[in-house]
Amino acid sequence: MRSAFIVAALLVPSVAAAHAVLTYPPTRSTELKTAPCGAAGSVRGTNVTTLLPGATITVQFKETIDHPGHYRISFDEDGQDFTIPPDLTTNTEGMLNVVKDLIPDIQGTLPAGGRMYTQDITLPNVECTNCTLQLIQMMSEGGVYSPNDDLYFSCSDITLAANAPDAGTQVGGGEDAGVDPGGSGGPNSGTESGGCSAGGSGAAGLPAALALLGFAGFRRRRR
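Quick note on numbering: the sequence shown equals residues 38 to 260 in the working numbering.
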């Protein structure tokens with residue numbers, strides 16, 4: 038019975054240390070260390086949010102690991118051609134797809150479950166079917182700036198359409214629907230290199246863990 042519990046514990050998915058991740062529009066991936074969208078090889082997924090061209094929306098994101106620094110939000114109307122910040126201090130707002138820069142990172146003890154952020158942005162007044170919103174968390178505690186170590190990335194897949202309702206429509210489900218821990222089309226390494234590390238495994242192991250527990254209990258009763 039003890040060995041069954043050990044196996045079950047190994048199969049139950051662990052919580053990924055996400056640092057900061059978009060929650061609205063919902064994120065494409067919970068991996069965050071590889072530019073431009075967090076996971077290596079990440080491509081557009083099926084969880085798409087449709088919004089009005091030129092609308093002002095409230096972007097929401099959650100910080101689960103606190104670092105000094107700031108955030109940057111960018112928008113690409115065709116793909117994910119985002120740039121790496123040149124340093125930790127330059128205000129790139131209005132340049133190279135950057136919509137909002139130098140969003141302060143609130144310091145202090147994180148609340149249980151993480152700290153929620155909101156930031157109003159105005160979307161471009163264009164229609165697009167392959168647009169992407171990007172959030173970058175920029176850490177400033179390392180001294181010498183290193184993009185590989187100091188940046189975390191999160192992307193949301195969106196479309197801008199004139200017939201969209203004001204509040205936006207999520208195609209594919211609710212806030213967490215369609216989130217691929219490995220990034221759509223990308224590998225799921227479950228690790229973050231260069232800064233803090235985070236492990237995570239898929240939810241597929243949970244049914245197997247429960248089955249093992251049931252089997253162990255059945256054998257014990259028969260004895």
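Cβ coordinates follow ideal geometry from the N, Cα and C atoms, glycine included. A quick note: this is a predicted structure, and the numbers were derived from the prediction, not measured.
| Asked | Found |
| --- | --- |
| Using the C-alpha atoms, what's the distance from S191 back to F112? | 12 angstroms |
| Under three-state DSSP, which class holds P141? | strand |
| For D103, which three-state DSSP category applies? | coil |
| Count the other C-beta atoms from every protein chain shown that fall within 10 angstroms of the C-beta of N200, then say buried if there are 16 or more, exposed otherwise. | exposed |
| Going by alpha carbons, who is nearest to C165 out of V135, V80, L88, D103? | L88 |
| With a cut-off of 8 angstroms on the beta carbons, I'd call V85 and T155 a contact; round off their distance for me. | Actually they are not in contact, since the Cβ atoms of V85 and T155 sit about 21 angstroms apart, beyond 8 angstroms. |
| Could you tell me how far apart the beta carbons of Y189 and L69 are, in whole angstroms, since I believe they sit closer than 8 angstroms? | 4 angstroms |
| For F119, which option in E100, N134, R65 has the closest C-alpha, if you only look at C-alpha atoms? | N134 |
| Might you give, ordered along the chain, the residues of its own chain that have their beta carbon closer than 8 angstroms to the beta carbon of G116, omitting 5 neighbours on each side? | N167, T169 |
| Consult DSSP for D115 and reduce its assignment to one of helix, strand or coil. | strand |
| Closest to H104 by CA distance: which of I140, H56, T126 is it? | H56 |
| Taking its Cβ as the centre, do 16 or more other Cβ atoms sit within 10 Å of I60, making it buried, or is it exposed? | Residue identity check: residue 60 is Thr in the sequence provided, not Ile. Counting Cβ neighbours within 10 Å, T60 comes out buried, since at least 16 surround it. |
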